[in-house]
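A short worksheet on the structure shown next.
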Amino acid sequence: MRAVVADGVVVRYGEVEAVRHASFAVESGEVFGLLGPNGAGKTSVLRVLTTLVRAAGGHAWVLGHEVGGEPALVRRLIGYVPQAVSADGSLSGRENALLFARLYNLPRAQRRARVDEVLDQMGLGDAAGRLARTYSGGMLRRLEIACGLLHRPRVLFLDEPTVGLDPAARRTVWEHLHELREASGTTLVVTTHAMEEAEEHCARVAVMAAGRVLAQGSLAELRAASGRPGGSLETVFLHLVAGGGEDPRGGMREIARRRRTARRLG
Numbered sequence: 001m002r003a004v005v006a007d008g009v010v011v012r013y014g015e016v017e018a019v020r021h022a023s024f025a026v027e028s029g030e031v032f033g034l035l036g037p038n039g040a041g042k043t044s045v046l047r048v049l050t051t052l053v054r055a056a057g058g059h060a061w062v063l064g065h066e067v068g069g070e071p072a073l074v075r076r077l078i079g080y081v082p083q084a085v086s087a088d089g090s091l092s093g094r095e096n097a098l099l100f101a102r103l104y105n106l107p108r109a110q111r112r113a114r115v116d117e118v119l120d121q122m123g124l125g126d127a128a129g130r131l132a133r134t135y136s137g138g139m140l141r142r143l144e145i146a147c148g149l150l151h152r153p154r155v156l157f158l159d160e161p162t163v164g165l166d167p168a169a170r171r172t173v174w175e176h177l178h179e180l181r182e183a184s185g186t187t188l189v190v191t192t193h194a195m196e197e198a199e200e201h202c203a204r205v206a207v208m209a210a211g212r213v214l215a216q217g218s219l220a221e222l223r224a225a226s227g228r229p230g231g232s233l234e235t236v237f238l239h240l241v242a243g244g245g246e247d248p249r250g251g252m253r254e255i256a257r258r259r260r261t262a263r264r265l266g
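Position 243, counted from 1, in the sequence shown is what this note's numbering calls 243; the numbers after and before it change by one each time, with no gaps.
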C-alpha cells in the first residue's frame, strides 16, 4: 500500500488558487521530496495531507485513509514538523516534549520514557534539561522532529526541515532522519527548495510550480523526461519550471517570510 496519494488536489484561499489539481504518490518507507520555488504550493499541499486545510477539490489518502473523510484517524498516523519554530524557548527540551506528549494523549505512565527515547533518538539526551532558547538552530529543529515522533507516526511530514541551518547542522538533521527511517520504516515527505539536499537524500521527488505538479519520479526519470541525461537536479528543475512558464525565483512576500523564519532558527 502506498503511504500517500494525492489525486487532483485543489487548494483555494479566497479567490486565489494556491494548488491546481496536484497529483503524486509516495511509496511506503521512502524519502519523498516536494520541490518548488517560493509560492509553488508545497506547504499548502502538506496542510491538506496533514488535515490542517480542507481541499477545495480532488482527494488525498494517507495509508489508505481518505484525508477529508477520516481526519482524526489520519492525525493519529502522522507526524508534522512545520517550517515555523514551534518549540517554547522558556521550557527545557524535555518539558517541550512532555507538553507534546500530553497533546498527543500518550498515556501518563508512558510519557517520560517515550520522551527520553525520542530525545535520545535525535541526539538530544544530554541537552534535555536545558532551556530550548539555549539550543542552536540545528538542535531546535531536532527537538521539533523529536516532538513529532512521540506517537510513533508511520508518515512524517516535514516542511523545509533544514531552513536557516548551517551545513553542519543540516547534515546532522539528515543523519538522524535517515537513522529514523532505517530503524522504524517511517515514510518521510519533505518540502524543500534546496536542490542539492533533495538530490542527495530523496529517492523520488515531485516538482511543483504555481500550484501544479510538473513532473515526478527519481532523478534518473526526471533527467530522461527533461532530455538532460547528465544534468543535476537543479538543472532539471530549472528546465521543468522554465518550460512551465513560471518564474523560479518566487514572490517577494514568500522570500521575506522565509528570511524571518531563518532568523528565528538562528
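Every residue gets a Cβ at the ideal spot worked out from N, C-alpha and C, and that includes glycine.
Because the structure is a prediction, the values reported are computed rather than measured.
Counting only residues of its own chain and dropping the five nearest sequence neighbours on each side, G148 has a CB closer than 7 angstroms to the CB of G79, Y80, V81, L156.
Within the DSSP bridge table, the entry for E30 names no partner. Remark: C-beta atoms of V9 and V19 approach each other more closely than 7 angstroms. Contact annotation: the region 59 to 66 does not touch the region 36 to 44, with fewer than three C-beta pairs closer than 8 angstroms.
In the DSSP secondary-structure assignment, H21 is not bridged to any residue. Per DSSP, the continuous beta strand (DSSP E) segment holding D7 begins and ends at 4 to 13.
For the 7 angstroms CB-CB criterion, R2 and E30 do not form a contact.
Burial check for E182: the Cβ neighbour count within 10 Å stays below 16, so the residue is exposed. Per DSSP, R204 is not a residue of any alpha helix (DSSP H); the beta strand (DSSP E) it occupies stretches across 204 to 209.
Annotated three-state conformation of A194 is coil, per DSSP.
Looking only at E196, A194, L219, G211, the smallest Cα-Cα distance to V205 is reached by L219. In the assembly as shown, A72 is an exposed residue. Its beta-carbon has fewer than 16 other beta-carbons within 10 Å. One thing to note: S44 has its Cβ no nearer than 7 angstroms to the Cβ of V85. Annotated three-state conformation of G58 is strand, per DSSP. Between L77 and L63, the gap from beta carbon to beta carbon is short of 7 angstroms. In the DSSP assignment, A215 falls outside any alpha helix (DSSP H) and within the unbroken beta strand (DSSP E) covering 212 to 217. Within the region 111 to 197, complete beta strand (DSSP E) segments of at least 3 residues are found at 155 to 159, 187 to 192, given in chain order. For V45, the three-state secondary structure derived from DSSP is helix.
Of R114, S23, G230, the smallest CA-CA separation from N96 is found for R114. Nearest in C-alpha terms to L177, of all of H201, P167, H193, is H201. Taking V48 as the centre and dropping the five residues before and after it, the same chain places the C-beta of A6, V9, V11, V19, R54, A55, A60, V67 closer than 8 angstroms to its C-beta, in chain order.
When E160, G125, R130, L222 are compared, the shortest CA-CA separation from H193 is found for E160. Within the same chain, and ignoring the five residues on either side of Q216 in sequence, the residues whose Cβ sits closer than 6 angstroms to its Cβ are F24, A206. Pairing E144 with A87 gives a Cβ-Cβ distance under 7 angstroms.
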